[in-house]
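Take a look at the structure set out below.
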Amino acid sequence: MRLISLLQKKSKLFYILLLLLGLINSIWSMGLLLLINNRIAGTSLPFVQGYDWQIYVVLILVSFFTARAFQSYTIRLTYELGNDLGLSVFEKLRFADYEEYIKLGEEKVRTATADVTTLQRFPNVFIETFNAIVMVTIGLGYLFYTNFFGALLILGVLSTLAVVYYIRNLSISRDLNTVRDLANVYQQNVNDFLRGFKDVKMSITRSNNIFIRYISQNRHRVKELTIKTLIKFMGNELMGNYLWYLLIGIIIFLLPVILHMTNVVNNQFVVTLLYLMGPVGIVVARISEFTQMQIAVDRLEQFHDKINASKAIAIGHGDLAATGGKFESIRFKEVTFEYYDERRAETFRLKPLTLDIKKGESIFITGGNGSGKSTFVNLLTGLYVPHTGTIALNGQVITESTYPGYRNRIAAIFTDSILFNENYDGLDLAPDNERLMFWLRKMELENIVTFDNEKKSIKADLSKGQQKRLALIYIMLEDKDVIVLDEWAAEQDPVFRAYFYKKIIPELKQMGKTVIVVTHDDTYFHCGERLIKFDYGNIVSDTSINAASDLHYAL
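No gaps in the numbering here: position 125 of the sequence shown is 124 in numbering that gives the first Met the number 0, and each next residue is one more.
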C-alpha cells in the first residue's frame with residue numbers, strides 16, 4: 000500500500016486511469032478468450048455472428064492503443080517519481096540540522112540515492128503487473144464459467160503455489176535487508192579507503208586489513224547472500240513454469256476422469272491455461288522486484304524519519320529580514336551543548352557559556368584537543384543549536400525562523416572545508432574583477448590560478464595551504480561581516496603564516512570585519528585583540544591583548 004500511495008500522491012488521476020485500464024483489459028481479455036475458444040469449438044460469438052475476424056481486429060487495435068497510451072503515461076510517471084524522490088532526499092538534507100546529518104552518516108545518504116533508483120521503475124512494473132493480474136482474474140473467471148469444479152481445482156493449485164512463494168519470499172526479504180545493511184558498511188569502508196588513500200599506502204597492516212577484513216569480507220558476504228536469493232528467485236520461477244505442465248496434465252488426464260469433462264471443455268481449459276502462462280509468468284517474475292522496492296521504501300522512510308526536516312522545510316530560509324541590518328554583536332548566554340564521542344566512548348559537555356563578541360574584534364580561540372573549540376565554532380556559526388541557553392544577534396535571540404539568516408551572515412572556513420568544482424556562490428570570478436585580482440595578488444595566487452570563462456570559475460592545482468587562501472578570497476568577495484577561520488594558518492608555510500597574522504588580520508579589522516580565528520600558534524597570539532582559551536568544555540581564560548606589546552602566554 001505504501002508503494003501505491005507514492006503513485007497516488009504523484010498523480011491524482013492514478014486510480015481513475017487504473018480503473019479505466021482494468022476495465023479495458025477485462026473487456027479485451029474476456030472477448031479474446033471467448034473468441035478463441037468459440038472459434039476452436041466451431042461456434043460464433045453470440046450477438047455478433049459472422050463478424051468474428053472483425054471483432055478480433057478491433058480487440059487487437061483497442062489493446063494496442065490502450066497499451067501505448069498507458070505505457071507513455073507510466074514512462075512519464077516513472078521518471079517524475081524518480082526525480083521527485085531523488086530531489087526530496089537533498090531537499091530534506093539541505094534544511095536538516097547539521098547534528099542530525101552527522102548522526103546519519105554520509106554512507107546512508109549514498110544508499111538512499113540508490114534506493115531512489117530502485118523505486119524509479121515502480122510505476123512501469125506496477126502497471127505491467129496490474130495488467131497481468133487482470134488477465135489472470137478474467138482467465139480464472141472464464142474457467143469457473145466453463146466448469147466450476149475444474150476451475151476450483153486449478154485455483155487450489157495456484158493458491159498453494161502462491162502460499163509457497165509468500166513463505167519463500169519472507170526469507171528472501173530478510174537476506175535482502177542484510178545485503179542493504181552491508182551496503183551501508185561498504186560505503187563507509189570505501190569512503191575511508193578513498194579519503195585516507197595516502198594513509199592506507201603508508202601501512203601494510205592497514206592496507207591489508209581494510210581490503211581483506213573489511214572490503215573483501217563485506218563483498219564476499221554480499222555475493223553469497225545475493226547468489227542465495229537469486230537461486231531462490233530462480234526456484235520460484237522454475238516452480239511457476241513447471242506448474243503449467245502440472246496443470247495441463249491435470250486437465251488432460253485427471254479432470255476427464257473425476258469430472259467427466261468433454262473434449263470441448265478440455266480444449267477450452269487448455270487454451271485458457273496457455274493464455275494465462277504469459278500473465279502469470281509476469282507476476283512471478285516481478286515478485287523479486289516488488290520485494291526489493293518494498294525494502295527500498297522501508298529504508299527511505301527510515302531515512303526520512305531520521306532526517307526529520309519537515310518543520311525546517313516549512314520554515315525554509317526563515318525570516319531573513321529579522322537578521323538584516325548592520326552587524327553589531329553576538330551574545331552567548333548560558334549556552335550548553337553535549338554529544339556522545341564514539342571515539343573516546345564518553346559524553347562531551349560544553350559547560351554553561353556566556354560570551355560577547357563585538358563588531359570589529361579580532362578574537363583568537365585556543366585550547367587542546369577535545370577542549371570544546373570545534374563545538375564552540377559549530378554553535379557560533381549556527382550549525383549546532385544550543386541544548387539550553389540562547390544566542391543573540393544584535394540583541395535579538397536567534398529562533399528557529401531566524402537561524403538560516405543568522406548562519407547566512409557568517410563566513411567560515413573549517414578545517415575540513417573544500418573548494419567546490421562549480422561556482423555555486425555566483426561570484427564574479429573573471430580577470431576583469433579588480434577586487435578579485437587584488438586579493439589574488441595579496442594571497443600570492445595571481446600567477447597560479449587560471450580562469451574558466453565558460454563556467455565562470457577558477458581552476459588550479461593547488462596545495463592545501465593555497466586552497467585555504469583561495470577560499471579566503473571567496474569569503475572576501477562574499478563580503479560578510481563575521482569571518483570564522485578554523486586552523487586556517489596550520490597548512491601555510493612559515494613566511495605566509497606570519498604574513499597572515501601580521502598583515503591580513505589587521506587589514507580585515509580595518510575593513511570592519513569581525514574575525515574569529517581558532518589557532519595553536521602561540522607565537523602570534525599578540526596579533527589579536529582578545530584570546531579565549533577552552534579546556535574540558537569551559538572557558539578558562541578570556542584575555543584582552545594589547546597588540547602593541549610583546550606578551551607571551553604560558554598555555
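Glycine included, each C-beta is placed from N, C-alpha and C at the ideal position.
Practice problem: Measure the Cβ-Cβ separation of I171 and T228 and say whether it is below 8 Å. | Solution: The sequence position of residue 171 within the sequence shown is 172, counting from 1. The sequence position of residue 228 within the sequence shown is 229, counting from 1. Contact: yes.
Self-check item: Reduced DSSP secondary structure (H/G/I, E/B, other) of N420
Solution: In the sequence shown, the residue the question calls residue 420 occupies position 421. In this structure, N420 counts as coil in the three-state DSSP scheme.
Exercise. Check the Cβ-Cβ distances between N420 and every residue of chain B, and say whether any is below 8 Å.
Key: Any reference to chain B falls outside this structure, which holds one protein chain only.
Quiz item: Since V517 sits in a beta bridge, which residues does DSSP pair it with?
Solution: Here the question's residue 517 lines up with position 518 in the sequence shown. Its beta-bridge partners are I364 and D485.
Quiz item: Thinking C-beta only, is N190 closer than 8 Å to E106?
Solution: If you number the sequence shown from 1, residue 106 lands on position 107. If you number the sequence shown from 1, residue 190 lands on position 191. Against a cut-off of 8 Å, the Cβ pair of N190 and E106 comes out as a contact.
Quiz item: Under three-state DSSP, which class holds I258?
Solution: Sequence index remark: in the sequence shown, residue 258 carries index 259 (1-based). This sequence places Leu at residue 258; Ile is not what is there. In the structure shown, L258 sits in coil (DSSP, three-state: anything other than H, G, I, E or B).
Quiz item: Buried or exposed: which applies to M134, given that a residue is buried once 16 or more other Cβ atoms fall within 10 Å of its Cβ?
Solution: In the sequence shown, counting from the first residue as 1, residue 134 sits at position 135. It counts as buried.
Self-check item: Neighbour-count burial assignment, E223, 16 or more Cβ in a 10 Å radius
Solution: Position 224 of the sequence shown, counted from the first residue, corresponds to residue 223. Counting Cβ neighbours within 10 Å, E223 comes out exposed, since fewer than 16 surround it.
Self-check item: Beta-bridge pairing of K458 - partner residues as DSSP gives them
Solution: Walking along the sequence shown from the start, residue 458 turns up at place 459. For K458, which the question treats as bridged, DSSP gives the partners T449.
Self-check item: Rounded C-alpha distance that separates L31 from V263
Solution: For the purposes of this step, residue 31 is identified with residue 32 of the sequence shown, where counting begins at 1. For the purposes of this step, residue 263 is identified with residue 264 of the sequence shown, where counting begins at 1. Straight-line Cα distance between these residues: approximately 17 Å.
Quiz item: So K467 and I412 are in contact, right, with Cβ under 8 Å, and what is the actual spacing, rounded?
Solution: In the sequence shown, residue 467 corresponds to position 468, counting from 1. In the sequence shown, residue 412 corresponds to position 413, counting from 1. Right, the Cβ-Cβ distance comes to about 6 Å (below 8 Å), so this counts as a contact.
Quiz item: Where are the alpha helix (DSSP H) runs, 4 residues long or more, that stay fully inside the region 172 to 223, in chain order?
Solution: If we require 4 residues or more, the alpha helix (DSSP H) runs fully inside the region 172 to 223 come out as 196 to 200 and 203 to 207.
Quiz prompt | Per DSSP, cross-strand counterpart(s) of L160 | solution = Along the sequence shown, read from residue 1 onward, the residue named residue 160 stands at position 161. None; L160 has no bridge partner.
Self-check item: 8 Å Cβ cutoff met for L382 and V334
Solution: Counting from one through the sequence shown, the residue named residue 382 turns up at place 383. Counting from one through the sequence shown, the residue named residue 334 turns up at place 335. With respect to the 8 Å criterion, L382 and V334 are not classified as neighbours on the basis of their beta carbons.
Quiz prompt | Top-ranked residue by Cα proximity to D355, from L86, T513 and N130 | solution = Sequence index remark: in the sequence shown, residue 355 carries index 356 (1-based). It is T513.
Practice problem: Can you tell me which of the three DSSP states R64 falls into? | Solution: Walking along the sequence shown from the start, residue 64 turns up at place 65. A small fix is needed here, since residue 64 is Phe in this sequence, not Arg. In this structure, F64 counts as helix in the three-state DSSP scheme.
Quiz item: Between the Cα of T564 and the Cα atoms of I329, T374 and T353, which residue gives the shortest distance?
Solution: Missing from the structure shown is residue 564; the chain here goes from 0 to 554 and no further.
Practice problem: Compare the C-alpha of Y473 against each of G367, V279 and D424 and name the closest. | Solution: Against the sequence shown, residue 473 aligns to sequence position 474. Cα-wise, what sits closest to Y473 is D424.
Quiz item: Going by DSSP, what residues sit across from V334 in a beta bridge?
Solution: On the sequence shown, residue 334 is found 335 positions in, with the first residue counted as 1. Paired residue(s): L352.
Practice problem: Please classify L392: does DSSP put it in a helix, a strand, or coil? | Solution: Numbered from 1 along the sequence shown, position 393 holds the residue referred to as residue 392. Looking at L392 - three-state DSSP - the assignment turns out to be strand.
Practice problem: Measure the CB-CB distance between I364 and V539 and report whether it falls below 8 Å. | Solution: By one-based count along the sequence shown, residue 364 stands at place 365. By one-based count along the sequence shown, residue 539 stands at place 540. Remark: C-beta atoms of I364 and V539 do not approach each other more closely than 8 Å.
Quiz item: Helix, strand or coil: how does DSSP classify L530 here?
Solution: On the sequence shown, residue 530 is found 531 positions in, with the first residue counted as 1. Strand at L530.
Self-check item: Residues bridged to Y339 (per DSSP)
Solution: Residue 339 sits at position 340 when you count from the first residue of the sequence shown. Y339 is bridged to T346.
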